[in-house]
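J.:
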Amino acid sequence: MRCAFAVLWAIACTVSPTSPSHKAGTGSARASDSAGSDSAALDACAPLSLDGSHRLDSDDLFGAPVEDPGTGALGPGLALGDFDADGDLDAFAAFSVPHSRFLTNPGDGRLLPTDAWTVDGAPPPPAAGAASADLDGDGDLDIVLGTPAGSSDLVLWNDGAGQFTSEALPDTLGQSMGPSLADVDGDGRLDIFIPGYVSIIDHSAIRNGAATGDGNALWLQSDPGTFQAAHNYISDEQRTPMSFHGAWLDHDNDGDIDLFVSNDFGMEVIPQDLLLNSGGGKLEPHPGCACDDEMYAMGAAVGDVDGDQRPDLHVSNIGANRLYIQQPDGTYVDMAASLGARPIDPASRTTWGSRFIDLDGDGWLDLVMVNGPTEPDQGDHLLQPDVLFLGDGDGRFAEVTYQQGFDDTTDNRAIVSGDLNRDGRPDLLTAGRTAVRVWLAGGGCNNRLTLRLNAGPGNSGGIGTRVDVQIADQQTTQWVWPSSTFSSSESALSVGLGSASSATQVKVTWPNGQHDLFGAMPAGNHQVTSP
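Be aware that the sequence shown starts at 2, since it is given in my numbering, and climbs by one per residue.
Printed below as a string of structure tokens:
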């Protein structure tokens, strides 16, 4: 029997895939649940609130002040995961200077630096970005690092108790950014995409068209824990842009995972592009997505903004951010301005990480993004507030940055989401070049589904799984895509039910194309395991 994730109070776990509340569909998935409390008492919706009082600066992280490195392209990144298997979310903070840090959760949502967890018996190495998942199927979370130029990208193998052993990915000495994970070749095991950038930006070479990135890399997991280079699976055109982030999605709903690559200096080097999977993991440019804008793209978030079950994209930028809404013919239209998803404050002009997440629990996706100048000495452009938009259900957004006190000007780069204090609500974690900040969410609608999806031993976090939830006459679609700029969130879905005490129907579509249909599913924590 697989029990739902532990909550703050003890409760019995039940498994009943064919009971009236969980009716299996085409597969034989098992669902376990723990509602967490009496759902009849949780039907009220209150205003959202965010508590950002827990902040770690360089003194807290490293025991001494750290000078801002001034390397705007080199992270930092964040990876959320329960690295010591105690039931609470921890974090890996990827810093390029002086080195990365493990942050442990004492159980109340705070994150505290720890020297007890090591990599090869030493503090974790410098890195520009990180992603976490159980890569070898041994039941604990491993970490993939994109590292600065001159050092190899790394896989950190976890022994289950916070001690990690590093393994270098060969021929990865260029400047790497944050890895993103997906089963690109459909064999049930997670693969790795690592975008390549440059360590020194040569503006003259960029203007003259002579600049290229250090090389985008794809690694396929052939056997549990064994990765083989498959860089030639990426089209020649998209091997050498100055890339920040690769966002996985099934753009054309054909069961093969596609890749949206966010490229910096798109007007002089190579624009951002959508790469379609032709089967087996080979990625070729979409012939006409209308999403290949020439911009300073820093990353992308994937979510169904308008409720048509198609993946839409938010793309960060220096200047106007984009909100690409997918049309029925597969092309995209930027509707950021018309849907209210452009920051009100013109100072918020350089966007880095972003994330779609249902923060207030009303069943509609909200949008968070972090901002900051590319260098620490940009004068009037130095103070750039982070931004929070709430979705209204019609695909439109209302900015509530200042009402929620989310206007942090720490010069942030990374944002991830996960339930840090295990109260059933998703929280936020942000990171700047010398600081980390926890944002604990409160209020909103209390009734939520928290879904942890196990797609098998090669993908126990269910990365790439799609979930369609019917709530009375409202339908919402989410995907397990934890990756964001430099970073990765908790591999779980939080679906708000508004004032409803249960979902009417839940359809889970696994990365291999199989699906399972469940009937009424009450608010609370649910773990669903693939057949």
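Glycine included, each C-beta is placed from N, C-alpha and C at the ideal position.
Predicted model only: the values in this text are computed from it and were never measured.
Please name the residue in L155, P66, S200 whose C-alpha comes closest to that of A194.
T.: The sequence as given places Phe at residue 194; Ala does not occur at that position. The residue with the shortest Cα to Cα distance from F194 is L155.
J.: What does the alpha-carbon distance come out to for the pair G64 and D58?
T.: 9 Å
J.: Could you round the C-beta distance between A1 and L219 to whole angstroms and report it? I think they count as a contact, below 8 Å.
T.: With the chain running from 2 to 532 in the structure shown, residue 1 is simply not present.
J.: Taking all protein chains shown into account, do 16 or more other C-beta atoms lie within 10 angstroms of the C-beta of Q479, making it buried, or fewer, making it exposed?
T.: buried
J.: Grab the span of the beta strand (DSSP E) containing F103 for me, first residue to last.
T.: That run of the beta strand (DSSP E) goes 102-105.
J.: Do D408 and D387 count as a contact pair if the criterion is CB distance below 8 Å?
T.: Contact: yes.
J.: Taking the alpha carbon of V401 as the point to measure from, which residue in Q475, S50, V185 has its own alpha carbon closest?
T.: Minimum Cα distance to V401 is reached at S50.
J.: Quick check on the DSSP output: what are the complete beta strand (DSSP E) runs of length 3 or more inside the segment 242-327, in order along the chain?
T.: 243-250, 259-265, 274-278, 284-286, 300-304, 313-317, 323-327
J.: Less than 8 Å between the CB atoms is what I'm expecting for A348 and N448, so what's the real figure, rounded?
T.: No, A348 and N448 are not in contact; Cβ-Cβ is about 37 Å, not under 8 Å.
J.: Please state whether the Cβ-Cβ distance between G214 and T241 is less than 8 Å.
T.: yes
J.: Here's a check: name, in chain order, each residue in its chain whose Cβ is nearer than 6 Å to the Cβ of R56, leaving out the five neighbours to either side.
T.: R438
J.: Just to check my reading of the structure: S317 and V417 have Cβ atoms closer than 8 Å, yes? What is that Cβ distance to the nearest angstrom?
T.: Wrong, their Cβ atoms sit about 15 Å apart, outside the cutoff.
J.: Count the other C-beta atoms from every protein chain shown that fall within 10 angstroms of the C-beta of Q528, then say buried if there are 16 or more, exposed otherwise.
T.: The Cβ neighbour count for Q528, taken over all protein chains shown within 10 Å, is at least 16; the residue is labelled buried.
J.: Output the distance between the C-alpha atoms of Q405 and I345, rounded to the nearest integer angstrom.
T.: 14 Å
J.: In angstroms with no decimal places, state the Cα-to-Cα distance between D274 and G110.
T.: If you take the alpha carbons of D274 and G110, they lie about 37 Å apart.
J.: Could you tell me the boundaries of the beta strand (DSSP E) in which H527 lies?
T.: 525-530
J.: I'd like to know if the segment 423-439 and the segment 503-521 are in contact, where contact means that at least 3 CB-CB pairs between them fall below 8 Å.
T.: no
J.: I'd like to confirm the pairing. Which residues does DSSP put opposite N413 in its beta bridges?
T.: G433
J.: Could you compute how far the alpha carbon of T148 sits from the alpha carbon of G197?
T.: Whole-angstrom Cα-Cα distance: 10 Å.
J.: Going by the CB atoms, is the gap between G457 and S339 shorter than 8 Å?
T.: No, Cβ-Cβ distance for S339 and G457 is not below 8 Å.
J.: Within its chain, find whatever has a CB closer than 6 Å to the CB of M1; leave out the 5 residues flanking it on each side and keep chain order.
T.: Lying outside 2 to 532, the shown extent of the chain, residue 1 is not represented and no answer is given.
J.: Does DSSP put L136 in a helix, in a strand, or in coil?
T.: Reduced to three states, the DSSP call for L136 is coil.
J.: Figure out for me which residue from G281, R426, R323 has the closest Cα to the Cα of A291.
T.: For A291, the nearest C-alpha among the options comes from R323.
J.: Name the two residues that bound the continuous alpha helix (DSSP H) containing S207.
T.: Note that residue 207 is Ile in the sequence shown, not Ser. Following the DSSP letters along the chain, one finds I207 inside the alpha helix (DSSP H) bounded by residues 204-208.
J.: In the DSSP assignment, the beta strand (DSSP E) including L50 goes from what residue to what residue?
T.: Reading off the sequence shown, one finds Ser at residue 50, where the question assumed Leu. First-last of the beta strand (DSSP E) with S50: 46-57.
J.: Could you give the distance in angstroms between the alpha-carbon of S492 and the alpha-carbon of G82?
T.: 8 Å
J.: How far does the beta strand (DSSP E) with V545 in it reach, from first residue to last?
T.: Outside the displayed span of the chain (2 to 532) sits residue 545, for which this structure offers no information.
J.: So, does the segment 111-130 touch the segment 89-99, judging by three or more C-beta pairs under 8 Å?
T.: yes
J.: Confirm, please, whether the CB-CB distance from H100 to P70 is below 8 Å.
T.: no
J.: Could you check whether A504 and L450 sit closer than 8 Å to each other, using their CB atoms as the reference points?
T.: yes
J.: Going by DSSP, which residues form a beta bridge with G392?
T.: F398
J.: Terminal residues of the continuous beta strand (DSSP E) containing M370?
T.: 367-372
J.: Between S461, R350, G463, which lies nearest to D412 when the distance is taken from Cα to Cα?
T.: R350
J.: Look at the Cβ atom of F390, then the Cβ atom of A342, and state whether they are nearer than 8 Å.
T.: In contact: F390 and A342 (Cβ atoms closer than 8 Å).
J.: Helix, strand or coil: which one does DSSP assign to G28?
T.: Residue confidence for G28 is low, a pLDDT of 45 falling below 50, so the modelled location carries little weight and cannot support an answer.
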